[in-house]
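Q:
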Amino acid sequence: MKQGAVICGLAIVGVLAASPASADMSKAFGNTIVSHYPNGQWVRHYFEPDGRYTSQFSDGRRVAARWSAEGDKICLSGFSPRQILPRFCSRMVEADVGDSWRARDPLGRSIRNELVAGRR
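Going letter by letter, the sequence shown gives residues 73 to 192 in our numbering.
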């Protein structure tokens, strides 16, 4: 198994109530997780050490939420603006900058996530 940060394999918004410090998300802090859709659209995900989460969509939309660890998952909840799903959890993935992995978004669509250096 690769040594690196534990990153969630999600594509859009969500958050939970557990302690953010319980997951090793350190490689995500200060960097960007980009979710790529087959149709060319994308979502950029930003995680903060204090549990804040924001995302920016290729169509200009922005979402804010809270993230936390729950077992082997990262969960998002408390979305602003409100979303169809009040909470979304995704499996954790160990990743280093430059790594990519397959996942599904909250609607079940296939995506490719990538951990990119810096804030984009």
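All C-beta atoms, glycine included, are put in the ideal place defined by N, C-alpha and C.
If you reduce the DSSP assignment to three classes, tell me which class Lys99 lands in.
A: Lys99: coil per DSSP, three-state reduction.
Q: Under a Cβ-count criterion, where at least 16 other Cβ atoms within 10 Å of its own Cβ denotes burial, should Ser182 be classed as buried or exposed?
A: Burial call: exposed.
Q: Using three-state DSSP, classify Ser130 as helix, strand or coil.
A: In the structure shown, Ser130 sits in coil (DSSP, three-state: anything other than H, G, I, E or B).
Q: Counting only the same chain and skipping the five closest in sequence on each side, list residues whose C-beta sits under 6 angstroms from that of Gln128.
A: Around Gln128: Arg116 and Arg134.
Q: Take Ser152 as the anchor and find which of Ser98, Ala136 and Gly143 has the nearest alpha-carbon.
A: Nearest C-alpha to Ser152: Ala136.
Q: Using a threshold of 8 angstroms, state whether the C-beta atoms of Ser98 and Asp177 are closer than that.
A: No, these two residues do not count as a Cβ contact at 8 angstroms.
Q: To the nearest angstrom, report how far apart Ser140 and Asp96 are at their CA atoms.
A: Cα to Cα, the separation comes out at about 11 angstroms.
Q: Ile105: buried (16+ other C-beta within 10 angstroms of its C-beta) or exposed?
A: Result: buried.
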